[in-house]
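Remarks on the structure that follows.
Residue numbers (our numbering), protein chains in the order written: chain Z, 1 to 451; chain E, 1 to 56.
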């Protein structure tokens, strides 16, 4: 049988078919990438769960755990209802734009053959929001009411951080278009916002009973330090999903870009994530010799370089992270001296480090160009943006917790704190076959005393 | 009852009730009600549990 001679039309048709296949596979690969980033991000919450339960005394271990689980379960639907809409409606400031496609009853907010992006990005962003809720969760253990915590966690996880995200991450966000803001790994929009929100809550919540005696800070030792260390390492694992979710998988021949549309790749992220982790661990170890802070240093290190993850020389990233490891401990000590009882150091690790990380991009990457007509990165722009991030977190955190306090809804009664929340509210025992003295003061010296 | 398409050709949003905006708004109100309800229920449980331990 004789072969047919291909015509231009038949060749064009074959090429079109191949391009359609390629485009579909690119879209599917994009979905696959963010799907697994989101799954890996769940490890952050498994880590926070272990870390907070371990950091509590055994009488409060389950209460710490249940509020963390409920944070995840309430932030996700709240983010579905209004978080995604806030991101799309508020890039210009505080007046909403019309974005009906981001409302929960739109065609894009559910299974849709023609939309392979909205759900997967919504999922990743919802998990970013849940991370902010978990940051708050650890700091307030052992004395906050679960109902108050859920109101606060929905506020930070589905409103505050995503408003900052609209301003600092959205292509039309005013921090980008006016100031050239650069924060690819969310040091500002997630960590600084959540950390300063937490500070606002802690001011109104007050310290755990026994934390300060005659104004001197005491150690309230974790009931399971090994569990906290494993939890922290699980958070580090989850960070790879988190940071993967911060990079943009583009179609066509563009390749990877940052959320600001500037070129980058996962190699850049790999260099600086790992070097940042290492530097932070070493910095906190040097500053404390304490296992809890040494492991927390991994978080400090990554957060300290996350804003400029695409730009830093890895050796510089390592040194930044090391220095920030030392400084975060110093900041935690200052807070403690001011009477702030941050049970897990969340304000120092996330708030302070995220705040400084945003400014450091302005110090070291000043003049780096943006695209799409946005101004170049500058120290002035980054400094203003860092203050904005801190305020977007602090103001609602302080305001809402103050309101809850005035309504006597914020804190458990003293007698419940003495007995343990598990005993009174959760009605379950974490270790029913053991007898752990819950009220005896720890003999471990204050780990920040010699800093 | 909630099917929003009758064939897959040219289908886009195909989830249940996608062609019924009123139902979708009502479902969203349902989600909000459940979130508010669970927080209210936790507060109620706390109030009862803490009642005999209230600060004097």
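C-beta atoms are modelled at their ideal positions from N, C-alpha and C, and glycine is treated no differently.
Note down, in chain order, all residues in the region 8-30 of chain E with a beta-carbon under 7 Å from any beta-carbon belonging to chain Z. 11, 12, 13, 14, 15, 18, 21, 24, 25 and 28
Ranges of the beta strand (DSSP E) found wholly within the region 311-341 of chain Z, counting only runs of at least 3: none
Is residue 293/Z buried or exposed, if buried means 16 or more other CB atoms sit within 10 Å of its CB? Position 293 of the first chain, counting from 1, holds the residue named residue 293/Z. Buried, since its Cβ has 16 or more Cβ neighbours within 10 Å.
Endpoints, the alpha helix (DSSP H) within which residue 2/E is located: Taking the first residue of the second chain as 1, we reach residue 2/E at position 2. Per DSSP, residue 2/E lies in no alpha helix (DSSP H) and is assigned neither H nor E.
Rounded straight-line distance, which links the Cα of residue 94/Z to that of residue 454/Z: The structure shown has nothing for residue 454/Z, since chain Z only spans 1 to 451.
Taking the DSSP output, what are the residues bridged to residue 212/Z? Here residue 212/Z refers to the residue found at position 212 of the first chain. For residue 212/Z, which the question treats as bridged, DSSP gives the partners 217/Z.
C-alpha distance - residue 14/E paired with residue 104/Z, whole-angstrom precision: In the second chain, residue 14/E corresponds to position 14, counting from 1. In the first chain, residue 104/Z corresponds to position 104, counting from 1. Whole-angstrom Cα-Cα distance: 15 Å.
Would you call residue 363/Z buried or exposed, if buried means 16 or more other Cβ atoms sit within 10 Å of its Cβ? Within the first chain, numbered from 1, the residue matching residue 363/Z stands at position 363. It counts as exposed.
Taking 8 Å as the threshold, find out whether the region 20-33 of chain E comes into contact with the region 386-399 of chain Z through three or more Cβ pairs. Contact annotation: the region 20-33 of chain E does not touch the region 386-399 of chain Z, with fewer than three C-beta pairs closer than 8 Å.
Could you work out which residues of chain B lie near residue 105/Z, taking near to mean beta carbons separated by less than 7 Å? No chain B appears in the structure shown, which is made up of the protein chains Z and E.
Contacts of residue 49/E in chain Z (Cβ-Cβ under 7 Å): The residue labelled residue 49/E in the question sits at position 49 within the second chain. Within chain Z, the residues near residue 49/E are 424 and 425.
I'd like to know whether the C-beta atoms of residue 143/Z and residue 336/Z end up nearer to each other than 8 Å. Counting from one through the first chain, the residue named residue 143/Z turns up at place 143. Counting from one through the first chain, the residue named residue 336/Z turns up at place 336. In this structure, the beta-carbon distance from residue 143/Z to residue 336/Z does not fall below 8 Å.
Using the beta-carbon of each residue, which ones in chain E are nearer than 7 Å to residue 76/Z? Taking the first chain and counting its residues from 1, the one referred to as residue 76/Z is at position 76. By Cβ distance, chain E contributes nothing, its closest Cβ being about 10 Å from residue 76/Z, past 7 Å.
If you compare alpha carbons, which of 202/Z, 299/Z and 248/Z is closest to residue 231/Z? Stepping through the first chain from its first residue, residue 231/Z is reached at position 231. Among 202/Z, 299/Z and 248/Z, the Cα nearest to that of residue 231/Z belongs to 299/Z.
Beta-carbon proximity list for residue 28/Z, same chain, < 8 Å, skipping 5 on both sides: Here residue 28/Z is taken as the residue at index 28 of the first chain, counted from 1. If we look at residue 28/Z and ignore the five residues flanking it on each side, its Cβ neighbours are 116.
Closer than 9 Å between beta carbons: that is the criterion. Which residues of the region 147-172 of chain Z meet it against chain E? 147, 148, 150, 151 and 154
According to the neighbour-count rule (16 or more other Cβ atoms, all chains shown, within 10 Å of its Cβ), is residue 371/Z buried or exposed? In the first chain, counting from the first residue as 1, residue 371/Z sits at position 371. The residue is exposed, with fewer than 16 neighbouring Cβ atoms inside 10 Å.
Roughly how many angstroms separate the alpha carbons of residue 424/Z and residue 146/Z, rounded to a whole number? For the purposes of this step, residue 424/Z is taken as the residue at position 424 of the first chain. For the purposes of this step, residue 146/Z is taken as the residue at position 146 of the first chain. Straight-line Cα distance between these residues: approximately 13 Å.
Quick check on the burial criterion: 16 or more other C-beta atoms within 10 angstroms. Buried or exposed for residue 382/Z? Taking the first chain and counting its residues from 1, the one referred to as residue 382/Z is at position 382. Taking all protein chains shown into account, residue 382/Z has 16 or more neighbouring C-beta atoms within 10 Å of its C-beta and is therefore buried.
Spatial distance of residue 88/Z from residue 102/Z (CA atoms): Your numbering for residue 88/Z matches position 88 in the first chain. Your numbering for residue 102/Z matches position 102 in the first chain. Rounded to the nearest angstrom, the two C-alpha atoms are 7 Å apart.
Closer than 7 Å at the beta carbon, the chain Z residues around residue 32/E: Within the second chain, numbered from 1, the residue matching residue 32/E stands at position 32. Residues of chain Z passing the Cβ test: 81.
Using a Cβ cut-off of 8 Å (strictly closer), state whether residue 415/Z contacts chain E. Counting from one through the first chain, the residue named residue 415/Z turns up at place 415. Against chain E, the CB of residue 415/Z has a partner CB under 8 Å away; the residue lies at that interface.
Run the CB neighbour count on residue 191/Z, radius 10 Å, all protein chains shown included, and call it buried at 16 or more, exposed below. For the purposes of this step, residue 191/Z is taken as the residue at position 191 of the first chain. That one is buried.
Let me make sure I understand the geometry here. Which of 376/Z, 331/Z, 368/Z and 340/Z has the alpha-carbon closest to that of residue 354/Z? Within the first chain, residue 354/Z is the residue found at index 354, counting from 1. Ranking the options by Cα distance to residue 354/Z, first place goes to 331/Z.
Reference residue 97/Z, options 281/Z, 172/Z, 194/Z and 347/Z, closest by Cα: Your numbering for residue 97/Z matches position 97 in the first chain. Checking every option, the nearest Cα to that of residue 97/Z belongs to 172/Z.
Let me see if you follow: with CB-CB separation under 8 Å, is residue 460/Z close to chain E or not? The requested residue 460/Z does not occur in the structure, where chain Z is confined to residues 1 to 451.
Looking at the C-beta of residue 111/Z, does it have a partner C-beta in chain E at a distance below 8 Å? In the first chain, the residue the question calls residue 111/Z occupies position 111. Chain E contact via Cβ: present.
Can you give me the C-alpha to C-alpha distance between residue 34/Z and residue 150/Z, rounded to a whole angstrom? By 1-based counting over the first chain, the position of residue 34/Z is 34. By 1-based counting over the first chain, the position of residue 150/Z is 150. Their backbone Cα atoms lie some 27 Å apart in a straight line.
With 16 as the cutoff for other CB atoms within 10 Å, does residue 10/Z come out buried or exposed? Against the first chain, residue 10/Z aligns to sequence position 10. So residue 10/Z ends up on the exposed side.
Beta carbon of residue 130/Z, beta carbon of residue 71/Z: below 8 Å? Here residue 130/Z refers to the residue found at position 130 when the first chain is read from its first residue. Here residue 71/Z refers to the residue found at position 71 when the first chain is read from its first residue. Cβ atoms of residue 130/Z and residue 71/Z: closer than 8 Å.
For the pair the region 274-281 of chain Z and the region 299-318 of chain Z, tell me if three or more CB-CB distances fall below 8 Å. yes
Considering only the beta carbon of each residue, do residue 422/Z and residue 60/Z sit closer than 8 Å? Here residue 422/Z refers to the residue found at position 422 when the first chain is read from its first residue. Here residue 60/Z refers to the residue found at position 60 when the first chain is read from its first residue. In contact: residue 422/Z and residue 60/Z (Cβ atoms closer than 8 Å).
Which of helix, strand or coil does DSSP assign to residue 257/Z? In the first chain, the residue the question calls residue 257/Z occupies position 257. If DSSP states are grouped into helix, strand and coil, residue 257/Z belongs with the strands.
Contact criterion: CB-CB distance below 8 Å. Does residue 208/Z meet it with respect to chain E? For the purposes of this step, residue 208/Z is identified with residue 208 of the first chain, where counting begins at 1. Residue 208/Z does not count as touching chain E.
Quick one: which chain E residues come within Cβ less than 9 Å of residue 145/Z? On the first chain, residue 145/Z is found 145 positions in, with the first residue counted as 1. Result: 42, 43, 46 and 50.
How long is the line joining the alpha carbons of residue 135/Z and residue 64/Z, rounded to whole angstroms? Stepping through the first chain from its first residue, residue 135/Z is reached at position 135. Stepping through the first chain from its first residue, residue 64/Z is reached at position 64. Rounded to whole angstroms, residue 135/Z to residue 64/Z spans 13 Å at the Cα level.
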